[in-house]
Each structure stands twice: as C-alpha cells, then as structure tokens.
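Only one structure is covered here, and it is reproduced in the block below.
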Amino acid sequence: MKVCVLMTIAQLATWAIWSGVSHHPSRWKLRFVVFISGLAMSLKTYDFPPYKGLLDAQALRNAITIPLTYLWWSFIRDDAAFLTSNRLKNPMKSK
C-alpha cells in the first residue's frame, strides 16, 4: 500500500508540475483530474465504514473515478489535436 501511495503521489505531482509550467490550452482538465484523483486516493487511504449501510469510501472512490476517466481521455484527445496542429504549423521545429 505504501508503494502504491508513493507512486500515485509521484505521478500526480509530475502531472501537476507539467500542467503548471505548460501553456497547453486544456491544462485545466489536467489540473482538475490531478486534484480529484488526489481526493480519490485519500478515500482509498482513509477508508471509512458504510454510511447508513449504503455508501463506503471504496464505493465513493469508484463513483468519482468514472467521470475522471472521461475527462482524462478528453484531455488526451485535446493534447493529440494540439500537438498535431503545432507540428503541421512548424514542421521543421518538431524534428
């Protein structure tokens, strides 16, 4: 568990730093994903019993990650379009 938490923190920190120094037009999506993923990780780490027998930390974390997956792939799609556009504008610069 400690290794998984450390790897998650390292990954989220790397993406947070990149989104901070980048001028990517969709960096807000990445920042949102990093922030909410950190919250989801804390739900995994600080597990709590089911509230009124219905909702526990694991169920809440799983529910949170569903829209994050869509937003993450939306960023990937935007990033691919952004990089393709830049390379088509400046073909010599990308080599």
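For what it's worth, the numbering used here labels the leading residue of the sequence shown as 1185, then goes sequentially. Cβ atoms here follow ideal geometry from the backbone N, Cα and C, with glycine treated the same way.
Asked	Found
Selection from LEU1227, ALA1264 and LYS1236 that minimises the alpha carbon distance to ALA1247	LEU1227
C-alpha gap between VAL1187 and PHE1266, whole angstroms	34 Å
Residue environment, VAL1286, which counts as buried when at least 16 other CB atoms sit within 10 Å	Since the displayed the chain opens at 1185 and closes at 1279, residue 1286 lies outside it and no answer follows.
Contact the region 1218–1226 vs the region 1240–1257: 3+ CB pairs below 8 Å	yes
Three-state class that DSSP yields for TYR1230 in the structure shown	coil
Three-state class that DSSP yields for LEU1238 in the structure shown	coil
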